[in-house]
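Let me begin by presenting the structure, written as structure tokens, before commenting on it.
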Amino acid sequence: KNMSNIKGRNTAPERILRSLLFKEGYRFRLHDKKLPGHPDIVMKRYRAVILVHGCFWHRHPGCRDATMPKSNTAFWQAKFRANQERDTRNIRQLIELNWNVIIVWECQLRTFQKEGIRLIKEILTLCEKEKDAKLYEIGD
Numbered sequence: 086k087n088m089s090n091i092k093g094r095n096t097a098p099e100r101i102l103r104s105l106l107f108k109e110g111y112r113f114r115l116h117d118k119k120l121p122g123h124p125d126i127v128m129k130r131y132r133a134v135i136l137v138h139g140c141f142w143h144r145h146p147g148c149r150d151a152t153m154p155k156s157n158t159a160f161w162q163a164k165f166r167a168n169q170e171r172d173t174r175n176i177r178q179l180i181e182l183n184w185n186v187i188i189v190w191e192c193q194l195r196t197f198q199k200e201g202i203r204l205i206k207e208i209l210t211l212c213e214k215e216k217d218a219k220l221y222e223i224g225d
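Going by this note's numbering, the first residue of the sequence shown is number 86, and it counts up by one from there.
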């Protein structure tokens, strides 16, 4: 019952990042159904999508928020593995379609709120200049 209450879009981390982008003058679309995985934020001008990954659900390596629940570990391991496989598949398909993929980890948002989104701006500038799609990961 609890799992059904957990939604995959318009999460608090997504809303925070969207607000920061909007304040900087960026415009975007949300959850484009035509793209693999329905990316959180789609910026056509930059041929870029931004995926806001929760550290717990997407297993951010080395992050203190990527804990393993103590009960029902077999279920959780399978759940997390399926999430990671789906992420990998969607990212590969997006890059094959020549979309730049920017992964922003939830734990990185605290830094963006304090210091601004300079790093995302730099990546979007690269996306505008480069012809070939790439994967950029923020929050390692």
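By construction, the Cβ of each residue, glycine as well, lies at the ideal position given by its N, Cα and C atoms. These numbers were taken from a predicted model, which means no experiment stands behind them.
Buried versus exposed, by CB contacts within 10 Å (16 or more), Phe160: Residue mapping note: residue 160 aligns to position 75 of the sequence shown, counting from 1. Exposed, because fewer than 16 other Cβ atoms sit within 10 Å of the Cβ of Phe160.
Element boundaries [alpha helix (DSSP H), containing Asn175]: One-based indexing of the sequence shown puts residue 175 at position 90. Looking at the DSSP string, the run of the alpha helix (DSSP H) that includes Asn175 is 158–181.
Length of the line joining the Cα atoms of Lys155 and Cys140: To locate residue 155, count along the sequence shown from 1; it is residue 70. To locate residue 140, count along the sequence shown from 1; it is residue 55. Cα-Cα distance, rounded: 17 Å.
Inter-residue spacing [alpha-carbon to alpha-carbon] between Ile176 and Leu220: Walking along the sequence shown from the start, residue 176 turns up at place 91. Walking along the sequence shown from the start, residue 220 turns up at place 135. About 8 Å.
Cβ contact check for the segment 128–146 and the segment 163–173: 3 or more pairs under 8 Å: yes
Test item: CB-CB of Gln178 and Pro98 under 9 Å: For the purposes of this step, residue 178 is taken as the residue at position 93 of the sequence shown. For the purposes of this step, residue 98 is taken as the residue at position 13 of the sequence shown. Not closer than 9 Å, so no.
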